[in-house]
Amino acid sequence: MKLSPLDIQHMEFGRTVNGYSRQQVRDFLLRIADEHDLMVREIQALRDEMRSQDEKLEDFLASEVDLKRAVIAAERIGNQMKENARKEAQLIVKEAEQLKGEIVREAERRLKSGRAELSRLERAQTVFREQFRGMLQGFERSLDNLPPIRSANEAESRAKPAQPAQPAGTISDSPS
Numbered sequence: 002m003k004l005s006p007l008d009i010q011h012m013e014f015g016r017t018v019n020g021y022s023r024q025q026v027r028d029f030l031l032r033i034a035d036e037h038d039l040m041v042r043e044i045q046a047l048r049d050e051m052r053s054q055d056e057k058l059e060d061f062l063a064s065e066v067d068l069k070r071a072v073i074a075a076e077r078i079g080n081q082m083k084e085n086a087r088k089e090a091q092l093i094v095k096e097a098e099q100l101k102g103e104i105v106r107e108a109e110r111r112l113k114s115g116r117a118e119l120s121r122l123e124r125a126q127t128v129f130r131e132q133f134r135g136m137l138q139g140f141e142r143s144l145d146n147l148p149p150i151r152s153a154n155e156a157e158s159r160a161k162p163a164q165p166a167q168p169a170g171t172i173s174d175s176p177s
């Protein structure tokens, strides 16, 4: 049975000729020493457990601080990533718009060049037709001015002076 502080304060020892009974005092002191030893051990165990719990608490608090820093850093990184993605998207859109402008300008330039080439070809075609028509009209006038074609006999008779007829079988001196 444990001694309470009241038990210790109200403890009474039997009297003997020399004072209190030595045996009772020794038994009581042994009892107090045993209980005091138990309490010291219990206090030491509780202090050790309290230190261990304090260390765990410090670890938890340090972990909490680290987690808070990590969360703040993650939020900051997330915000930076969003901002970078937004800026990159703006750059991509800007580049696409510039490229679109260049493509449109190139297409307009090529369209203008194509139209100019088409116009040039149409003029060249018109000039060619007129020149060809003129050439055909020139040929037609030349044909109209040509003397009529005569038969081969008629043309031969006009080209040679009349020669006397030679008898058959004779050789003529002039080549034919």
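Residues 2 to 177, numbered by my numbering, are exactly what the sequence shown covers, in order. Built from N, CA and C at the ideal position, the CB exists for glycine as well.
query	result
Is R16 helix, strand or coil when you go by DSSP?	strand
Quick check on the DSSP output: the alpha helix (DSSP H) that includes L147 runs from which residue to which?	Per DSSP, L147 belongs to no alpha helix (DSSP H) and is neither H nor E.
To the nearest angstrom, how far is the alpha carbon of R87 from that of K101?	21 Å
Can the beta-carbon of M12 be found less than 8 Å from the beta-carbon of F29?	yes
Report the rounded CA-to-CA distance for D145 versus Q132, giving the unit in angstroms.	20 Å
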